[in-house]
Amino acid sequence: MQIASSFGSEKFLPHPGSWLDDETGAGLKTLLLRLMAFDVLIVPGLDGSGEHHWQSLWKHFLLHQGVFVRSVEQHDWNSPDLETWKKTLVSSVQHCSRPVLVVAHSLGALLTVHCADLEIAGALLVAPADAEETRAPARVRVRDFAPLPQGTLRFPSVLVTSDNDEWLSPARARFMAHCWGADLFPAGRVGHIGNQENLGIWREGFRALEKLLDRINNERVVAEEHTI
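Using the working numbering, the first residue of the sequence shown is number 195, and each one after it goes up by one.
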């Protein structure tokens, strides 16, 4: 499989020499091949994902590799209404033709959990916005998303957390992961992993995505064994 070049800067394009040979992961080529079985649905958070947000860069890059990718488009990114956003997400999932892999950030991650009955293959929940306890200045804008949903999610999930995220403390991230039955993926000190962090294509996120695909596969194998 040849990896198409979709960005002019190495900052935005995963370099095969450094990532594909990394013994800690299956490699970018393998990851891309695994993604071909899914519709990848990007779910942005409050204020949407800007041009240089890793979600936007992922979408652009994955599309150029032949992966099926689409984004949820909310009518109003700046004044989120939970019920309106839920309807948009549900509709977006229903318009997908393959098993759906959700890649959600911040309020988009919390939105995904609020839609716990979604028929999806799995969800990457990156830095879910803690609508209950965050001290972020914009917390008043997300109060409609509180309280946090309770109970184990019906789909496999990986929750990505940052050590210095003003929207989600490490302790609360551990609580959410335990409550929702999600695997925890510590990403280091990368803020809220959003528009302000200037992460480029965020290669570490591909490792979290790989972990999600592994969990999806493992749960499928277990389910098949139980039906034999």
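Ideal placement from N, C-alpha and C gives every residue a C-beta, glycine not left out.
All values reported here derive from a predicted model rather than from experimental measurement.
Which of helix, strand or coil DSSP assigns to residue i
{"i": "T355", "result": "strand"}
{"i": "D241", "result": "coil"}
{"i": "A231", "result": "coil"}
{"i": "A386", "result": "Ala is not the amino acid found at residue 386; the sequence shown has His there. H386: coil per DSSP, three-state reduction."}
{"i": "C373", "result": "helix"}
Neighbourhood of residue i by C-beta, 7 Å cutoff - its chain only, sequence neighbours within 5 removed
{"i": "D338", "result": "P274, D275, L276"}
{"i": "P364", "result": "T355, D357"}
Bridge partners - residue i, DSSP secondary structure assignment
{"i": "P380", "result": "T355"}
{"i": "V297", "result": "I236, L318"}
{"i": "V263", "result": "V234"}
Contacts around residue i, its chain only, beta-carbon distance under 6 Å, and the 5 residues preceding and following it disregarded
{"i": "A381", "result": "V354, S356, E398"}
{"i": "G302", "result": "V237, P238, G239"}
Within 9 Å, strictly: CB atoms of residue i and residue j
{"i": "R368", "j": "L378", "result": "yes"}
{"i": "P178", "j": "I387", "result": "The question about residue 178 has no answer here: the residues shown for the chain are numbered 195 through 422."}
{"i": "L304", "j": "P322", "result": "yes"}
{"i": "G394", "j": "D359", "result": "no"}
{"i": "G375", "j": "H299", "result": "no"}
{"i": "H246", "j": "N412", "result": "no"}
{"i": "L347", "j": "V287", "result": "no"}
{"i": "L222", "j": "G260", "result": "no"}
{"i": "S243", "j": "N389", "result": "yes"}
Beta-carbon contacts of residue i that lie in its chain and below 8 Å, excluding the five residues immediately before and after
{"i": "R383", "result": "S356, D357, N358"}
{"i": "R414", "result": "none"}
{"i": "V284", "result": "C309, L312"}
### Meets three-Cβ-pair contact criterion under 8 Å: the segment 308-323 and the segment 253-264
Contact check between the segment 308-323 and the segment 253-264: fewer than three CB pairs, one atom from each, fall below 8 Å, which does not count as touching.
### Query
With a cut-off of 8 Å, do at least 3 Cβ pairs link the segment 306-313 to the segment 328-336?
Contact fails between the segment 306-313 and the segment 328-336, because fewer than three Cβ pairs, one in each stretch, are under 8 Å apart.
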